Amino acid sequence: MAYPSESSPLLPPEPAIERPSPAAFDSKPLSRDASPSPSTSSSSSSASSSSSGLSDTLRDVIIGFSDGLTVPFALTAGLSSLGSARLVIMGGLAELFSGMISMGLGAYLAAATERDHYRSQRAGLAAACAAPA
1 MAYPSESSPL
11 LPPEPAIERP
21 SPAAFDSKPL
31 SRDASPSPST
41 SSSSSSASSS
51 SSGLSDTLRD
61 VIIGFSDGLT
71 VPFALTAGLS
81 SLGSARLVIM
91 GGLAELFSGM
101 ISMGLGAYLA
111 AATERDHYRS
121 QRAGLAAACA
131 APA
């Protein structure tokens, strides 16, 4: 049996990939006629802000499920080696409840911090606008 070496790699060499030239990515410059009208841009900005809120919520839900399910499954897998079903169930439930409390407090503190940040920025802008130049 021959051992792999630099002259005989484990995997066959990859085929050459044809890459397009940079000129293929050049696009035509936009003309003034292609720019959106003011009425279109205001409606698109309101639509993008509502879809942004939905995408932020969806992202938070997916990350929450991922994070919230990983640790309990790992904990129950580790506790299952002890052989006691009651211990596995109690440990899993305890971790689920502590994880819920932790995630809830983290989300609350993040929202409160963001709210305070925006309030301080708004107060700073109001003070800067009110101050004589």
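Quick note on numbering: full-length UniProt numbering labels position 56 of the sequence shown as 56, and the sequence is numbered without any gaps.
Backbone N, C-alpha and C define an ideal beta-carbon position, used for all residues, glycine too.
Predicted, not measured: the structure shown is a model, and the values here were computed from it.
Could you tell me the alpha carbon to alpha carbon distance between S39 and G92, rounded to whole angstroms? Here residue 39 is taken as the residue at index 39 of the sequence shown, counted from 1. Here residue 92 is taken as the residue at index 92 of the sequence shown, counted from 1. In this prediction, S39 scores a pLDDT of 49, lower than 50, which makes its location untrustworthy; the coordinate-derived value is nonetheless stated afterwards. Whole-angstrom Cα-Cα distance: 54 Å.
From G53 to D60, what does the alpha carbon distance come to, in whole angstroms? Indexing the sequence shown from 1 puts residue 53 at position 53. Indexing the sequence shown from 1 puts residue 60 at position 60. Answer to the nearest angstrom: the Cα atoms are 11 Å apart.
Alpha carbon of G124 to alpha carbon of E114, nearest angstrom: Locating residue 124 in the sequence shown gives position 124, counting from the first residue. Locating residue 114 in the sequence shown gives position 114, counting from the first residue. Taking the straight line from one Cα to the other gives about 15 Å.
To the nearest angstrom, report how far apart S120 and S102 are at their CA atoms. Here residue 120 is taken as the residue at index 120 of the sequence shown, counted from 1. Here residue 102 is taken as the residue at index 102 of the sequence shown, counted from 1. About 27 Å.
Three-state class that DSSP yields for P72 in the structure shown: For the purposes of this step, residue 72 is taken as the residue at position 72 of the sequence shown. The answer is helix: DSSP assigns P72 an H, G or I state.
Check whether the Cβ atoms of V88 and L96 sit closer than 9 Å, and answer yes or no. The residue given as residue 88 occupies position 88 in the sequence shown. The residue given as residue 96 occupies position 96 in the sequence shown. No, these two residues do not count as a Cβ contact at 9 Å.
Close Cβ partners of S35 (< 6 Å) along its chain, the five nearest in sequence each way excluded: Walking along the sequence shown from the start, residue 35 turns up at place 35. Annotation note: pLDDT 47 at S35 (below 50); position unreliable, coordinate value reported separately. Result list for S35: empty, nothing under 6 Å.
From the DSSP output, in three-state form, read off S84 for me. Counting from one through the sequence shown, the residue named residue 84 turns up at place 84. Reduced to three states, the DSSP call for S84 is coil.
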